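Numbering (the numbering used here), first residue to last: 129 to 180. Backbone N, C-alpha and C fix where the C-beta goes; we use that ideal spot for every residue, glycine too. Because the structure is a prediction, the values reported are computed rather than measured.
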């Protein structure tokens, strides 16, 4: 399942974070970072997915 989340983190970073943590703080932070730029959203999504 982690591989699917990692692939989704590259395509739609908030979706990958949502599948990992749900509608928590990290999800909303990732949406904000993705709005600032695609790369910050990906970095944050990968960090959230890989830290667990």
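What's the gap between the Cα of residue 136 and the Cα of residue 143?
7 Å
Taking Cβ to Cβ, would you say residue 172 is nearer than 8 Å to residue 153?
no
In angstroms with no decimal places, state the Cα-to-Cα distance between residue 134 and residue 140.
10 Å
Suppose the cutoff is 7 Å on Cβ atoms and the five residues either side in sequence are ignored; what does the same chain contact list for residue 159 look like?
142
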